[in-house]
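Written out below as structure tokens is the structure these notes cover.
Protein chains: 2
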Amino acid sequence: MTAASLRARVRAEMTDEIKAAARRHLATDGANLSLRAVARDLGMASSAVYRYFASRDELLTALIIDAYDSLGEAAENAPDTGSAVDRWLAVCHAVREWALANPHEWALVYGSPVPGYQAPTDTVEPAIRVILTLGRIVQDASASGEVEPGEPIGGRLGEDLAMVAERAAPGAPPQLVGRSIAGWIHLCGAVSAELFGQLNNTIEQRRDFFEFQMRGALTWIGLRASS
Amino acid sequence: MTAASLRARVRAEMTDEIKAAARRHLATDGANLSLRAVARDLGMASSAVYRYFASRDELLTALIIDAYDSLGEAAENAPDTGSAVDRWLAVCHAVREWALANPHEWALVYGSPVPGYQAPTDTVEPAIRVILTLGRIVQDASASGEVEPGEPIGGRLGEDLAMVAERAAPGAPPQLVGRSIAGWIHLCGAVSAELFGQLNNTIEQRRDFFEFQMRGALTWIGLRASS
DNA sequence: GCCATACCGAGAGCACTGCTCTTGACGGCG
DNA sequence: CGCCGTCAAGAGCAGTGCTCTCGGTATGGC
């Protein structure tokens, strides 16, 4: 007998099965998936699902957290060798490939907010895993001089960025952190554009164009290949 | 009596009223707004709405087209003076400000695709108005030499970009068009990030940071202030 | 001026949704 | 061994998109 009681173990398995079924429905119905349909798939009454998730929103929250964690893991497992440029690009491609493999989870997490849904605070920690991964790269590059610090940023924006830098990449100059956030935003935009169909009937060489964009962003961010 | 019959005029007004009410509901319910609720607001039976829109999807399509047109108009009305850099930045700010004023329409159009919704072909023409506006700026800049052409892009991606260039900015080098599309994608990403809450609790100086990003993208794109 | 026609609004109805409440039964812990 | 916590199921409520049918009304042709 494991430490967890049988009751608890069965419950955990059931919870996972519900989430798996819900993920399947995410593909067809998006964020407004039908709890009843999920229950039907599992051969149980819809009311039974409420034993495991108090509401549809709570189920969505679980899916969101899983998605963030899965994406965060993919980013952290990206090849971590070579220059800062290589590492950054590896994370970019890892994020893009995860999104291509899990398009509906990407939409759930980085698409339009679900109307009426308020993300609980449990979601913020897994949400920033990718950014922290990028932050580490920038921090390392900054420490080893693989970077153009660039013009400092004054005013309130400078203060904002200094505070973010303290949390995400201590020691890196705020302006570099600002450019890095911009790079992350561009990354999100590029993935969303590809996934949401904005490139349809224009650019077919998606991977090449993506890399082109990310390399372009990198030149502005100021990461250098290792000297 | 006007050229249009009274019947047709009343019908057009009714159609507009339905769209206006639907836009109001967009704010609370997003893309899955309730046709019945819209009908209730207008004091009519839900079935009557179907005289004007064959389905909820058709209503959404009308809202999408209106949103694209409204955004396109905002972009085209952006100050059209000064250097290519100034014009490009003016369009960026116009887009952002439109999105801030109409967040739910932005989400409808650039957010996650509505599940099960297939955009009809009528939407593509209004959809590209903003891109064409940017294309004109790049084309002008290219013609007047306000631009760094940059390294040519070979391979299939080069062909893709050449075809896009032909449509959106004839005469401009494909690599410049590629960088411009990347700039447009960054613009979309920056607006979405701000609107969808990714900047919450980090950067408060939204406008400054947005301009910072767009200027950064511009340096890479290679537009110069007029010489 | 009249009438067939096209259009329009209302209502009922179908199958579906999220969610609640009650009921009955089973299983693990003291 | 008994009891209590947990579970699944079913009925039910209010709401949804959409269809169909039914009367009423304005329009265009004669």
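Sequence lines, in order, name chains A and B.
Under numbering that gives the first Met the number 0, the first residue of the first sequence carries the number 0, and numbering increases by one thereafter.
Under numbering that gives the first Met the number 0, the first residue of the second sequence carries the number 0, and numbering increases by one thereafter.
All C-beta atoms, glycine included, are put in the ideal place defined by N, C-alpha and C.
So, A/E75 versus A/T122, is the Cβ gap smaller than 9 Å?
no
With DSSP as the reference, label A/V113 as helix, strand or coil.
coil
Does the beta-carbon of B/G154 have 16 or more other beta-carbons within 10 angstroms, so that it is buried, or is it exposed?
exposed
Counting only C-beta atoms, is A/L222 closer than 9 Å to chain B at any point?
no
If you follow the alpha helix (DSSP H) that A/T60 is in, where does it begin and where does it stop?
R55 to E75
Host alpha helix (DSSP H) of A/V146 (start-end):
Run containing A/V146: none; DSSP gives neither H nor E here.
Chain B residues whose Cβ lies nearer than 9 Å to that of A/N101:
What A/N101 touches in chain B: nothing, since even the nearest Cβ is about 13 Å away.
By how many angstroms is the C-alpha of B/A38 removed from the C-alpha of B/V48?
7 Å
Quick one: what does DSSP say A/L198 is sitting in, helix, strand or coil?
coil
From the DSSP output, read off the bridge partner residues of A/L156.
For A/L156, which the question treats as bridged, DSSP gives no partner whatsoever.
Any beta carbon from chain A within less than 9 Å of B/M43's own beta carbon?
no
Cross-chain neighbours of B/E203 in chain A, by beta carbon under 8 Å
R155 and D159
Just to confirm, is the Cβ distance from A/V137 to A/A83 under 9 Å?
yes
Compare the C-beta of A/L186 against all C-beta atoms of chain B and say whether one is closer than 9 Å.
yes
Express the C-alpha separation of B/S141 and B/S226 in angstroms, rounding to a whole number.
Because the pLDDT of B/S226 is 47, which lies under 50, any placement of that residue in the model is unreliable, and the number read from its coordinates should be weighed accordingly. Going by the C-alpha atoms only, they are around 13 Å apart.
Spatial neighbours of B/A2 within its chain, please: CB distance less than 8 Å, with the 5 preceding and 5 following residues excluded, ordered by chain position.
Per-residue confidence for B/A2 stands at a pLDDT of 46, beneath the threshold of 50, marking its modelled position as unreliable; the derived number appears in the next sentence. No residues qualify anywhere along the chain.
Which chain A residues are close to B/T27, counting only those with a beta carbon under 7 Å from its beta carbon?
P114
Do the region 6-18 of chain A and the region 54-63 of chain A touch if we need at least three Cβ pairs shorter than 8 Å?
yes
Proximal chain A residues relative to B/V163, where beta-carbon distance stays under 8 Å:
T201 and I202
May I ask which residues mark the beginning and end of the alpha helix (DSSP H) holding B/M213?
R205 to I220
Can you confirm whether B/T218, when its beta carbon is compared against all beta carbons of chain A, has any partner nearer than 9 Å?
yes
Please determine, among A/W87, A/G42 and A/R8, the residue with the shortest C-alpha to C-alpha distance to A/T218.
A/W87
In chain order, what residues of the same chain have a beta carbon less than 7 Å from the beta carbon of A/A126, not counting five sequence neighbours either side?
Y67
Contact set between A/G196 and chain B, taken where Cβ atoms lie within less than 7 Å:
P112
Measure how close the beta-carbons of A/G71 and A/R128 come, nearest whole angstrom, since I'm counting them as under 8 Å.
3 Å
For B/P78, three-class secondary structure by DSSP:
coil
A/L156: which of A/A7, A/L198 and A/V176 sits nearest, CA to CA?
A/V176
For A/A74 and chain B, any beta-carbon pair shorter than 9 Å?
no
Of the listed residues A/Q197, A/P148, A/L194 and A/L186, nearest to A/P173 (C-alpha basis):
A/P148
Please list, in chain order, the chain A residues whose beta carbon lies closer than 9 Å to that of B/Q212.
G177, R178, I180, A181, I184 and H185
Candidates B/P112, B/L99 and B/L5, of which the one nearest A/Q197 by Cα
B/P112
Taking all protein chains shown into account, do 16 or more other C-beta atoms lie within 10 angstroms of the C-beta of B/V256, making it buried, or fewer, making it exposed?
Outside the shown range of chain B, which is 0 to 226, sits residue 256 of chain B, and nothing can be said about it.
Can you list, in chain order, the residues of its chain whose CB lies under 7 Å from that of B/M0, leaving out five sequence neighbours each side?
Its pLDDT being 40, under 50, B/M0 is placed unreliably by the model, and the measurement read from it follows with that caveat. For B/M0, where only same-chain residues beyond five positions count, there are no Cβ hits under 7 Å.
Taking C-alpha atoms, which residue in B/F208, B/A216 and B/M162 lies nearest to B/W254?
In the structure displayed, chain B extends from 0 to 226; residue 254 of chain B sits before or after that span and is not available.
Quick one, are the C-beta atoms of A/L34 and A/R55 less than 9 Å apart?
yes
Quick check on B/M0 - is its C-beta less than 9 Å from some C-beta in chain A?
The pLDDT assigned to B/M0 is 40, lower than 50, so where the model puts this residue is not dependable; a value taken from the coordinates is nonetheless given after this. Cβ-Cβ to chain A under 9 Å: no for B/M0.
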